[in-house]
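Protein chains: 2
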Amino acid sequence: MTRVASAQTKKLGTATLKFANPPAVVAAAAIGGPMEGRGPLGGYFDRITEDRLLGQKSWEQAEIKLLESAVELATQKAGLKPADVDFVLAGDLLNQTISANFAARTIDRPFFGVFAACATWTEGLTLGSLLLDGGFADTVVVGVSSHHDTAERQYRFPTEFGNQRPPTAQWTVTGAAAVVLRREGRGPYITHATIGRVVDMGIKNPFDMGSAMAPAAADTLQRHFEDTARMPEYYDLILTGDLARVGLPITQDLLKQKGYDISDRSQDCGILMFDPGQDVHAGASGAACSGSGFAGFVVTEMARHNLARVLFTATGALLSPTSYQQGESIPCIAHAVVVETEKGGEEE
Amino acid sequence: MTRVASAQTKKLGTATLKFANPPAVVAAAAIGGPMEGRGPLGGYFDRITEDRLLGQKSWEQAEIKLLESAVELATQKAGLKPADVDFVLAGDLLNQTISANFAARTIDRPFFGVFAACATWTEGLTLGSLLLDGGFADTVVVGVSSHHDTAERQYRFPTEFGNQRPPTAQWTVTGAAAVVLRREGRGPYITHATIGRVVDMGIKNPFDMGSAMAPAAADTLQRHFEDTARMPEYYDLILTGDLARVGLPITQDLLKQKGYDISDRSQDCGILMFDPGQDVHAGASGAACSGSGFAGFVVTEMARHNLARVLFTATGALLSPTSYQQGESIPCIAHAVVVETEKGGEEE
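Sequence lines, in order, name chains A and B.
Here the first sequence stands for residues 0 to 347, numbered as in numbering that gives the first Met the number 0.
Here the second sequence stands for residues 0 to 347, numbered as in numbering that gives the first Met the number 0.
Here's what the structure looks like:
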């Protein structure tokens, strides 16, 4: 297979990639647990599971099953067979990203493991787009998963403890998301990606991820606006991953101080995912929060012509049980991608 | 910054990328602990630390320091400032790859986190090469780290336990490695990459990684030979990451069954790293085993004109403490890159 790469591929400013051949999002799949199904975004999921165990022996096995199903469903929706997929890129929150690695065993395609905590989704979209834009592949699948119970027992306390959660805590989404990206196809298209730096403002509380991640999100968004010379008004929607009710206002404030007012067009998947009545405190989190927000909500609303230009920024808190127990702070990262119904978009 | 990408970039066969603009390895740095310094490869390290704690409070902090130092040293050796680096790609073995993420906080450049256990090194080299070949960057740094004591207490038992290790056990390398890849520069060059699939033959023993990883290494090498239509004889050296004394003969046997005899030109970093008298049982392992084998031994021997064409395959065991405790088997992966002193190599 020989592919011709473009002569116009470029890097903008400090951290933004502009794809000369913007990859098309040809299919997307989002699978959610029962609580996600009852939330405001419930109708955007392709499939809602009956319980959080999916008939498996452990929550970890259930999470693997969610990711396998999302990848399988997205591939089917694209009208493709597994063998048509050149490369799979996936990651998740668990130690050594076992959900992705065990799912990759079943998926059985050349595989890249990525990790950026809940920002894994946009890191995967970026690297998948590189493979396509560079002419190395026709078809790439990007996937992520997360699970409330696997995440709680790894990062905080096993859910059986029934420990009290403070108001700043977020609720990890149980679910998985996958998209099929291709060199050719009806859009929407991934036109740009802005790669984040690790930012750490000293927050140490694993029950307050929103405050920890907000500065990283603001840093990446500021770089995006500077690199592209676009103002927030260019976008119909600036959607973040899982800053939730505590983090989004901080990101909005930080950006306002830098001259970028995103308050009238920004929203967060962690706020959209659950109803306040669902007792999730600050909102949702998890790699599948960003993933299903993108694969479910954004892709659907773009197909319905309700959105044309979206700046999507997944946000990740890069703590581990070990670093937390050793009293370390929480380094964070945010990676942004631009999704547009038109390939070219407006010239910078 | 506008870069012209080539029109000849392509994918070969099922899983091999051929770079149209092979990135140059312009500088490399390898840092090892005291035991690595006393081993047969000791002379290939740029720096040997006095102890495994490096003056830090914890082994985890020592590992972060190792990675930071390797990235800093490689950048210096390339005659570059940190700000000259467009992107950093790094990973390690710890839960949520904290060594890489905490080091990235200090390094402060746009950052991609990658995870493929001990195969992280070649996954990073591949993705870094994509960024350069695609015209998205001039300069990329790829880094990995591992540490005997952080790995033992995470995957098996804290070293203070003094538990007995079976003969199949490997000793995780304490160290870090980094290379600077650039679009322009004297070689050697990364000319190809073959991306592995996850292979799991049912091995469950975390004290026998060599047997678990050998089939994944054989699978990737077989694909490489098929995809490129090259025979093993094309290469001066076929070097694997950390199959060690148990795994390498298995990989050699599996490939012989497929018609590829690599026995007269294959070697393993896990065998080269330590002397049998160092009491490491089957040999070395760890992301820094592959990394320093490449950044120290391979790069140096290519500069000395003792090697011209090397097929380098890092091998990763994708287990986690959680999956092991739940009785799961060990999925494995291997990613290969070709390093050649000549950009073009021989036509396939």
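Yeah, the Cβ is synthetic: ideal placement off N, Cα and C, and Gly gets one too.
Cβ-based burial, residue i [other Cβ within 10 Å; buried from 16]
i, result
"Asp-91(B)", "buried"
"Gln-324(B)", "exposed"
"Asn-162(B)", "exposed"
"Asn-305(A)", "exposed"
"Met-230(B)", "exposed"
"Lys-353(A)", "Residue 353(A) is absent from the model: chain A starts at 0 and stops at 347."
"Glu-49(A)", "exposed"
"Phe-160(A)", "exposed"
"Gly-123(B)", "buried"
"Thr-1(A)", "Reliability of the predicted coordinates at Thr-1(A) is poor, the pLDDT of 34 falling under 50, and the value obtained from them is presented with this limitation in mind. When all chains shown are included, Thr-1(A) counts as exposed."
"Pro-21(B)", "buried"
"Pro-109(A)", "buried"
"Lys-17(A)", "buried"
"Arg-181(A)", "buried"
"Gly-209(B)", "buried"
"Arg-303(B)", "exposed"
"Pro-157(B)", "exposed"
"Lys-56(B)", "exposed"
Beta carbon of residue i nearer than 8 Å to that of residue j
i, j, result
"Glu-300(A)", "Thr-190(A)", "no"
"Val-298(B)", "Phe-311(B)", "no"
"Ser-145(B)", "Gly-174(B)", "yes"
"Cys-331(B)", "Asp-199(B)", "yes"
"Asp-235(A)", "Val-309(A)", "yes"
"Ala-73(A)", "Ala-89(A)", "no"
"Pro-39(B)", "Leu-238(B)", "no"
"Gly-36(B)", "Phe-44(B)", "yes"
"Ala-26(A)", "Val-179(A)", "yes"
"His-334(B)", "Ile-249(B)", "no"
"Thr-13(A)", "Val-336(A)", "no"
"Glu-67(A)", "Thr-149(A)", "no"
"Asp-83(A)", "Arg-196(B)", "no"
"Pro-187(A)", "Val-24(A)", "yes"
Under the three-state DSSP convention, the category residue i falls into
i, result
"Lys-76(A)", "helix"
"Leu-242(A)", "coil"
"Gln-221(B)", "helix"
"Ile-261(B)", "coil"
"Phe-368(A)", "As displayed, chain A neither begins before 0 nor continues past 347, which places residue 368(A) out of reach and without an answer."
"His-147(B)", "helix"
"Gly-90(B)", "strand"
"Phe-296(A)", "helix"
"Thr-190(B)", "strand"
"Ile-106(A)", "helix"
"Gly-201(B)", "coil"
"Gln-163(B)", "coil"
"Ala-84(B)", "Inspection of the sequence shows that residue 84(B) is occupied by Val rather than by Ala. Note: Val-84(B) maps to coil in three-state DSSP."
"Thr-48(B)", "coil"
"Ala-4(A)", "At Ala-4(A) the pLDDT is 42, less than 50, meaning the model places this residue with poor confidence; the figure from the coordinates comes in the next sentence. Note: Ala-4(A) maps to coil in three-state DSSP."
"Arg-229(B)", "coil"
"Val-70(B)", "helix"
"Ala-302(B)", "helix"
"Gln-55(A)", "coil"
"Gly-285(B)", "coil"
"Leu-236(A)", "strand"
"Glu-347(B)", "Because the pLDDT at Glu-347(B) is just 47, under 50, the model does not fix this residue reliably, and the point stays unresolved."
Per DSSP, the bridge partner or partners of residue i
i, result
"Leu-11(A)", "Thr-15(A)"
"His-280(A)", "According to DSSP, which records beta bridges pairwise, His-280(A) is partnered with nothing at all."
"Thr-361(A)", "Examination of residue 361(A) is not possible in this model, given that chain A is present from 0 through 347 alone."
"Gly-112(B)", "Ala-89(B)"
"Cys-331(A)", "Val-198(A), Ala-316(A)"
"Val-337(A)", "His-191(A), Leu-310(A)"
"Cys-268(A)", "None, per the DSSP bridge assignment."
"Leu-180(A)", "Val-24(A), Val-139(A)"
"Gly-31(A)", "Ile-47(A), Gly-174(A)"
"Gln-169(A)", "Gly-282(A)"
Contact the segment 240-249 of chain B vs the segment 201-220 of chain B: 3+ CB pairs below 8 Å: yes
Cβ contact (3+ pairs, closer than 8 Å) linking the segment 127-143 of chain A and the segment 252-269 of chain A: no
contact_flag[the segment 286-294 of chain B, the segment 17-31 of chain B] where n(CB pairs < 8 Å) is 3 or more: With the rule of 3 Cβ pairs closer than 8 Å, the segment 286-294 of chain B counts as touching the segment 17-31 of chain B.
Segment contact, 8 Å Cβ cut-off, at least three pairs: the segment 271-283 of chain B with the segment 110-124 of chain B: With the cut-off at 8 Å, the segment 271-283 of chain B and the segment 110-124 of chain B do not touch.
Touch test, the segment 314-329 of chain A against the segment 92-105 of chain B, Cβ-Cβ under 8 Å, three pairs minimum: yes
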